[in-house]
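Residue numbers (my numbering): 133 to 409. We put the CB at the ideal spot given by N, CA and C, even for glycine.
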Amino acid sequence: MIMFNKKRMTLEQCRYLCFDEADRLIDLGFEEEVRNTLDHFSNQRQTLLFSATMPKKIQEFAKSTLVNPIIINVVLQKTGPPVLIFCENKKDVDDVHEYLLLKGVNAVAIHGNLGQSERQEAINLFREGKKDILVGTDVASKGLDFPSIEHVINYDMPKDIENYVHRIGRTGRCGKTGIATTFINKNQEEAILLDLKALLIEAKQKIPPLLEMLDSKGLNLKEIGGVKGCPSCGGLGHRITQCSKLESQRNKQTLVTNKDILSNNKYNSMNAYTGDW
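Structural data, given as structure tokens:
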């Protein structure tokens, strides 16, 4: 803008104007500067706005500055809502939730620092399809059942493989297929990654390159006399798909959920969400 104001630069020959991360420019308060740049064009131009999202603010800006704007969506999400996002702690839940809202995503969050009425409202909005994404902790989401979940995202890899199984078990129910995405960083403990590798091998799933590089000798498939152990409970003589301990825990959670459903005659039970989460 300084160059424009000092008349040391002209846009007379410019025919194309591109704004990358247009949503960030507007959010950071550069809307006036952007409009001033547009005013320096004296001839016809083509303007392109690139953004990962199209929140209402950007749509209004485009309508006021462009002539008959056309929206082109590239690489739309593979799965539609509803989506569950799991975080290890309350702070991460708040951070992820706030980020999604800033990007114009219809999301709600639940954790122990929220009041029971706030949690219940968030759950109802998500269950009724009025919100696309629910962000929560393991404990806050315990006992909740959403049959139509298409995608589960682990923002943090859980600290034990049992929680991982419980999380991803929220999708692909009733004969449907689902997708589970897990973010792993360099600070992740190797033990849980080895357990994850064992689980994927047992389930005959494709092993990501990161897990392929881990030393299989340290894999939590304990071998004594040729008998392999379970990566969930560490017991010998069975694999994770036949783990009675893990199956018992899942059955108990199902019983708690069913009890709440029957006692309230509806899905959104209040009893399932009380206590210190």
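Cβ shell of residue i (< 7 angstroms), same chain only, five flanking positions each side left out
i	result
D152	F182
V240	A254, L257, F258, K263, L266
P201	A194, K195
S174	E144
L342	I316
H229	A239, A241, V267
Helix, strand or coil at residue i according to DSSP, with G and I counted as helix
i	result
Q145	coil
H229	helix
T169	helix
L246	coil
N137	helix
E321	coil
A335	coil
S196	helix
P290	coil
F278	coil
P340	coil
K155	Position check: residue 155 holds Asp in this sequence, whereas Lys was assumed. D155 falls in the helix class under three-state DSSP.
L346	coil
L326	helix
F258	helix
N205	coil
R305	coil
D224	helix
Nonlocal neighbours in the same chain, by C-beta distance under 6 angstroms from residue i, ignoring five residues either side
i	result
G236	T185, P187
D288	C219, E220
K222	H243, N245
I285	I217, T313
G247	none
K274	none
C146	none
P290	Y296
Sheet register partners of residue i (DSSP bridge)
i	result
H283	V215, I311
A239	I265
C150	L180
Per-residue burial, residue i [other beta carbons within 10 Å of its own, 16 or more giving buried]
i	result
V225	buried
G307	exposed
G261	exposed
R299	buried
V199	exposed
R177	exposed
Y148	exposed
T309	exposed
G268	buried
D155	buried
I281	buried
L276	buried
L234	exposed
Residues near residue i by beta carbon distance below 8 angstroms, same chain, minus five either side
i	result
I158	V166, K189, I190, F193
L180	Y148, L149, C150, F151
L232	A239, I265, V267
T303	L216, I281, E282, H283, V284, G310, I311, A312
Chain C contact for residue i (CB, 7 angstroms cutoff)
i	result
K318	Looking for chain C here will not work: only one protein chain is present.
Cβ-heavy atom distance, residue i to the ligand ATP, below 6 angstroms
i	result
L325	With respect to the ligand ATP, the structure shown offers nothing to examine, as it has no ligands at all.
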